[in-house]
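S.K.: Structure in structure tokens, see below.
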Amino acid sequence: MSTGEPIQVRIPPLYCPIPPAIHPQHADMQHRSMEWMTRYGFCSDEPCRVRTASINGAEFVARMTPAGDRERMQVFADWAHLSLLFDDLYDALPDASASTALCDFTGTAVKVMRTFEAPEASLMPDDSPFTAPLRDLARRTHRIATPVQLRRMVEAQRLWLSCVAWEIACKPRAHLLGLNDYIVLRMGTVGGTATSSWIEILNGTEAPDHEMDSPLVRALAESAGLIVGMDEDLYSYGKDLWHQRHDGTPLLNFVGVTAHELGCTHEKALLEVAAMRNQLMCLFLALRDRALRHAGPALTRYVTDLGHYIRANADWGTSAGRYRNPDGRSPDAVSIRHEWTDDAPDFSGEPLPLPAIAWWWHQLRPDRPRTLTRGVCVR
1 MSTGEPIQVR
11 IPPLYCPIPP
21 AIHPQHADMQ
31 HRSMEWMTRY
41 GFCSDEPCRV
51 RTASINGAEF
61 VARMTPAGDR
71 ERMQVFADWA
81 HLSLLFDDLY
91 DALPDASAST
101 ALCDFTGTAV
111 KVMRTFEAPE
121 ASLMPDDSPF
131 TAPLRDLARR
141 THRIATPVQL
151 RRMVEAQRLW
161 LSCVAWEIAC
171 KPRAHLLGLN
181 DYIVLRMGTV
191 GGTATSSWIE
201 ILNGTEAPDH
211 EMDSPLVRAL
221 AESAGLIVGM
231 DEDLYSYGKD
241 LWHQRHDGTP
251 LLNFVGVTAH
261 ELGCTHEKAL
271 LEVAAMRNQL
281 MCLFLALRDR
291 ALRHAGPALT
301 RYVTDLGHYI
311 RANADWGTSA
321 GRYRNPDGRS
331 PDAVSIRHEW
341 TDDAPDFSGE
351 PLPLPAIAWW
361 WHQLRPDRPR
371 TLTRGVCVR
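Be aware that the sequence shown starts at 1, since it is given in full-length UniProt numbering, and climbs by one per residue.
This is the structure in structure tokens:
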């Protein structure tokens with residue numbers, strides 16, 4: 001296949017019994033986000049405008065917290081656009097650029113997080129296009145978040161950025177990364193808890209630490225983030241292939257890692273990733289039911305919106321233009337076919353053979369002896 005031919009990806013059926021929901025003012029939020037991004041120079045020409053608009057971050061936010069506060073959600077919608085453009089700068093790097101990029105990114109990441117902690121820190125360079133909008137977002141976040149909400153969010157953002165640094169370091173030797181390592185990496189780079197940490201801010205709720213820090217709720221939040229990461233890798237698989245063919249970006253994706261781990265074709269790996277993802281969906285639902293049994297109002301809202309987060313990302317990902325137009329100049333370069341299934345896979349309650357996350361299953365029956373399911377294939 002020549003690099004000029006469109007890339008076609010057919011995603012195996014995915015299981016997600018969580019119904020879609022969306023805030024009624026999502027279109028206005030998107031319009032305001034585009035005005036905000038334009039004001040800070042991210043829509044200076046048509047390709048830039050198309051690329052920024054294709055993020056459609058307000059729709060995602062509106063689906064994640066469909067009953068959230070409108071003005072609070074606007075802050076996160078703006079951050080969604082800015083952070084994804086920031087992430088894309090380092091996501092599409094050829095091997096030769098990785099070492100230099102890692103040095104640059106590490107310092108930048110620390111400065112970004114310090115700006116969220118202290119908006120007037122004046123650490124970001126004046127000539128960076130991200131400096132002024134980031135400072136604006138930090139100030140607005142301080143106005144709407146409680147100290148506890150802010151701490152939780154900053155800690156989660158720090159995990160995201162540290163994993164992005166790890167990802168940059170892995171790019172030149174992506175083929176050496178095992179599935180167990182990649183799961184931890186992808187939970188971070190997808191911004192799983194970095195995103196879900198905004199749920200309380202957007203809803204104006206605050207669950208107590210003893211609930212939020214419990215192993216059960218931590219497992220629930222992490223599993224939601226991993227499902228989102230697997231879904232995004234499925235949706236972006238065509239985009240990642242496109243960048244690999246056009247600019248030499250290494251293919252660091254669940255499909256590629258699984259194919260290398262199992263020694264199978266990418267077509268077979270697509271099936272395996274979808275099967276693992278559907279098993280994780282069953283686990284999430286079981287953990288959610290357990291967490292809701294004794295949850296207070298704030299935790300109930302948080303747990304409910306974790307489910308909305310999964311569904312929001314799925315609905316947003318299947319329509320997001322950024323996965324079909326990789327560089328803002330190649331519309332329909334990638335074709336994605338996707339469908340849902342109402343058929344739940346068999347779920348034994350036994351952990352997948354992945355030590356990094358096996359403890360999640362233990363939260364279903366914490367007193368039961370701990371074992372790992374043999375083999376990787378779960379279908």
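Every residue gets a Cβ at the ideal spot worked out from N, C-alpha and C, and that includes glycine.
(1) Can you tell me which of the three DSSP states residue 11 falls into?
(2) Are the segment 34–41 and the segment 103–113 in contact at 8 Å, needing three or more beta carbon pairs?
(3) Measure from the C-beta of residue 285 to each C-beta in chain B and report whether the shortest distance is under 7 Å.
(4) With three or more beta-carbon pairs closer than 8 Å as the criterion, would you say the segment 212–223 touches the segment 291–304?
(5) Over the uninterrupted alpha helix (DSSP H) stretch that includes residue 158, give me the two end residues.
(6) Measure the Cβ-Cβ separation of residue 165 and residue 254 and say whether it is below 7 Å.
(7) Indicate whether the contact test is met: 3 or more Cβ pairs, each with one atom in the segment 128–137 and one in the segment 75–83, closer than 8 Å.
(8) Return the first residue and the last residue of the alpha helix (DSSP H) that residue 33 is part of.
(9) Would you please state the rounded distance, in angstroms, between the beta carbons of residue 318 and residue 13? I believe it to be under 8 Å.
(10) Measuring only the C-alpha atoms, how far is residue 361 from residue 283?
(11) Hey, residue 214 and residue 156 are a contact pair by Cβ (cut 8 Å); roughly how many whole angstroms apart?
(12) According to the neighbour-count rule (16 or more other Cβ atoms, all chains shown, within 10 Å of its Cβ), is residue 265 buried or exposed?
(13) Going by CA-CA distance only, name the one from 328, 145, 285 and 160 that's closest to residue 345.
(14) Can you round the beta-carbon distance between residue 279 and residue 347 to whole angstroms, since I take them to be within the 8 Å contact cut?
(15) Whole angstroms is fine: what's the gap from residue 195's alpha carbon to residue 262's?
(16) What are the start and end residues of the beta strand (DSSP E) that includes residue 334?
(17) Can you find the residues in the same chain that come closer than 6 Å, C-beta to C-beta, to residue 359, ignoring five residues on each side of it along the sequence?
(18) Have a look at residue 311 and residue 16 and give me their C-alpha separation to the nearest angstrom.
(19) How long is the line joining the alpha carbons of residue 96 and residue 350, rounded to whole angstroms?
(20) Where does residue 2 fall in DSSP's three states?
(21) Look at residue 186 and residue 229 and say whether their C-beta atoms are less than 7 Å apart.
(22) For residue 193, is the classification buried or exposed, using 16 other Cβ atoms within 10 angstroms of its Cβ as the cut-off for buried?
(23) My output table needs one value for residue 173: the three-state DSSP class, helix, strand or coil.
M.R.: Looking at the atomic coordinates:
(1) To locate residue 11, count along the sequence shown from 1; it is residue 11. Of the three classes helix, strand and coil, the one that applies to residue 11 here is coil, per DSSP.
(2) No contact exists between the segment 34–41 and the segment 103–113.
(3) Here chain B cannot be found, since the structure has a single protein chain.
(4) A contact between stretches requires three or more CB pairs, one per stretch, nearer than 8 Å, and the segment 212–223 meets this requirement with the segment 291–304.
(5) In the sequence shown, counting from the first residue as 1, residue 158 sits at position 158. DSSP places residue 158 inside the alpha helix (DSSP H), whose first and last residues are 147–170.
(6) By one-based count along the sequence shown, residue 165 stands at place 165. By one-based count along the sequence shown, residue 254 stands at place 254. The criterion of a C-beta distance shorter than 7 Å is not satisfied by residue 165 and residue 254.
(7) Verdict: yes, contact present.
(8) The residue labelled residue 33 in the question sits at position 33 within the sequence shown. Per DSSP, residue 33 is one residue of the alpha helix (DSSP H) stretching across 26–39.
(9) To locate residue 318, count along the sequence shown from 1; it is residue 318. To locate residue 13, count along the sequence shown from 1; it is residue 13. Between the beta-carbon of residue 318 and that of residue 13 there is about 13 Å, and that puts the pair past the 8 Å contact cut.
(10) As a working note, residue 361 is residue 361 in the sequence shown. As a working note, residue 283 is residue 283 in the sequence shown. Roughly 7 Å between the two C-alpha positions.
(11) Numbered from its first residue, the sequence shown carries residue 214 at position 214. Numbered from its first residue, the sequence shown carries residue 156 at position 156. Cβ atoms of residue 214 and residue 156 stay farther apart than 8 Å, at about 16 Å.
(12) As a working note, residue 265 is residue 265 in the sequence shown. The residue is exposed, with fewer than 16 neighbouring Cβ atoms inside 10 Å.
(13) For this step, residue 345 is matched to residue 345 along the sequence shown. Comparing C-alpha distances from residue 345 to each of 328, 145, 285 and 160 shows the shortest one belongs to 285.
(14) Sequence index remark: in the sequence shown, residue 279 carries index 279 (1-based). Sequence index remark: in the sequence shown, residue 347 carries index 347 (1-based). Indeed, because the Cβ distance is near 7 Å, the residues count as touching under 8 Å.
(15) Counting from 1 along the sequence shown, the entry for residue 195 is found at position 195. Counting from 1 along the sequence shown, the entry for residue 262 is found at position 262. Taking the straight line from one Cα to the other gives about 31 Å.
(16) If you number the sequence shown from 1, residue 334 lands on position 334. DSSP places residue 334 inside the beta strand (DSSP E), whose first and last residues are 334–337.
(17) To locate residue 359, count along the sequence shown from 1; it is residue 359. Nothing meets the Cβ criterion.
(18) Residue 311 sits at position 311 when you count from the first residue of the sequence shown. Residue 16 sits at position 16 when you count from the first residue of the sequence shown. CA-to-CA, the gap between residue 311 and residue 16 works out to about 7 Å.
(19) Walking along the sequence shown from the start, residue 96 turns up at place 96. Walking along the sequence shown from the start, residue 350 turns up at place 350. With a pLDDT of 48 at residue 96, under the threshold of 50, the modelled position of that residue is not reliable, and the figure given next carries that caveat. Their backbone Cα atoms lie some 42 Å apart in a straight line.
(20) As a first step, residue 2 must be located in the sequence shown, where it is residue number 2. Residue placement at residue 2 is flagged as unreliable, the pLDDT there being 40, under the threshold of 50; the coordinate-derived value follows with that caveat. DSSP places residue 2 in coil when its eight states are reduced to three.
(21) Translated into the one-based positions of the sequence shown, residue 186 becomes position 186. Translated into the one-based positions of the sequence shown, residue 229 becomes position 229. Residue 186 is a Cβ neighbour of residue 229, given a cutoff of 7 Å.
(22) Working through the sequence shown from its first residue, we reach residue 193 at position 193. Around the beta carbon of residue 193, 16 or more other beta carbons sit within 10 angstroms, so the residue counts as buried.
(23) Counting from one through the sequence shown, the residue named residue 173 turns up at place 173. The answer is helix: DSSP assigns residue 173 an H, G or I state.
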